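The block underneath contains the structure these notes are about, expressed in structure tokens.
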Amino acid sequence: MQSRGLVDFHCHLDLYRDHARAVRQSEEAGVYTLTVTTTPKAWPRNFELTKSTQYVRAALGLHPQLVEGRAGELSLWEELVPKSRYIGEVGLDAGPRFYRSFEKQKEVFARILRVCAKAGEKILTVHSVRATKAVLDHIEEHFPPGRGKVVLHWFTGTAAEARRAVDLGCYFSINNEMLSNEKRSSVVLALPFDRLLTETDGPFTQVDGRPSEPSDVGLCVRGLAALTRQSEEAVAGSIRDNLRALVGDS
Ligand code: MN
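Taking my numbering, I'd label the letters of the sequence shown as residues 1 to 250.
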């Protein structure tokens, strides 16, 4: 399907070989793109490339997988917070490779949520690997409703955790990998459609053996259409409406 007007609410354009070109391609494809960062040191270049784009926005992040080496950059992250409405990638990762830093990650994520709550109107894209409960506990404790919005990226929690996330006001950004088998799709089907966005998480997902790009997000729209028995156009329109609701009323 046509990529114009589709939504890729979580990708990493600064990790492609040619960052400037990746931004330009999203812009030319007309895909509403949120390009996340993993360290606040990446912010100036990301800001420079997206400050006058119509479709591409950059998010200010400190990735949980980098907290072990870069927790010291939290103060730089805080200094930059007033410059960005979008925050991410942030969150928690309790996978085996990163569990060692989990206590530190929780400290950093709690601080990030409190700073965002105080600032108000921020929109966060949040990573959770083997940490859905801890992520939701943190949001509940440190990020009161009405102080901003959370989008859970690549959600893998249980149906009960999904209901809890919905009650906390969370949105969910869905990628094609999340639709790749019936067990994964059943997680997506349990989510309310008016809280869904689409994402590629490129370059960490692939299409035909190459890294996904924002213009590939139509594949996810097609998958969601098949899963929910709607037309691709209807799904694309709803996702766009959801994006408007997310950014228009925080
Ligand atoms: Mn990511």
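We put the beta carbon where it would ideally sit given N, CA and C, even for glycine. Note that the structure is a prediction, hence the values are computed from the model and not measured.
Under 8 Å by Cβ, that's how I've got residue i and residue j pegged, so tell me the actual separation to the nearest angstrom.
i, j, result
"D201", "H19", "Not quite, the Cβ-Cβ distance comes to about 17 Å (not below 8 Å), so this is no contact."
"L254", "T125", "Past the edges of the chain, shown from 1 to 250, lies residue 254, and the structure says nothing about it."
"S238", "F193", "6 Å"
"A29", "S52", "So it is not a contact: roughly 17 Å between Cβ atoms."
"N242", "R195", "7 Å"
"D14", "T198", "Going by Cβ atoms, the distance from D14 to T198 rounds to 20 Å, so no, they are not a contact pair."
"L92", "A59", "Actually they are not in contact, since the Cβ atoms of L92 and A59 sit about 17 Å apart, beyond 8 Å."
Return the bridge partner residues of residue i from the DSSP annotation.
i, result
"I87", "L60, L124"
"F172", "L152, L196"
"A32", "Before going further, note that residue 32 is Tyr rather than Ala in the sequence given. Answer is V7, bridged to Y32."
"Q206", "P211"
"D93", "V129"
Residue i CB to nearest chain C CB: under 8 Å?
i, result
"E199", "As a matter of chain content, chain C is missing from the structure shown, which is built from one protein chain."
Quick one: grab the DSSP three-state call for residue i.
i, result
"Y99", "helix"
"H142", "helix"
"S250", "Residue confidence for S250 is low, a pLDDT of 44 falling below 50, so the modelled location carries little weight; the figure read from the coordinates is stated next. It is coil, neither helix nor strand."
"D241", "helix"
"Q230", "coil"
"D18", "coil"
"K51", "coil"
"L191", "coil"
"M178", "helix"
Excluding the 5 residues flanking residue i on each side, which residues of the same chain have their C-beta closer than 8 Å to its C-beta?
i, result
"E68", "F98, R100, S101, K104"
"L76", "P40, K41"
Just to confirm my understanding: we take residue i, look at its own chain, exclude 5 residues before and 5 after, and list those with CB closer than 7 Å. What are they?
i, result
"V188", "I174, M178, L179, L227"
"G223", "N176, L179"
"S250", "Residue confidence for S250 is low, a pLDDT of 44 falling below 50, so the modelled location carries little weight and cannot support an answer."
"L49", "H19, A20, V23"
"K133", "E161"
"V56", "V23, S26, E27, T33, T35, T50"
"G5", "G30, A236, R240"
"L260", "Nothing about residue 260 can be read from this structure; the chain reaches only from 1 to 250."
By Cβ distance, which residues of its chain are closer than 6 Å to residue i, with the 5 residues on each side in sequence left out?
i, result
"C170", "V150, L152"
"V247", "none"
Buried or exposed: where does residue i fall if 16 or more other Cβ atoms within 10 Å of its Cβ makes it buried?
i, result
"R244", "exposed"
"N181", "exposed"
"P82", "exposed"
"K118", "exposed"
"R184", "exposed"
"T158", "exposed"
"P64", "buried"
"D216", "buried"
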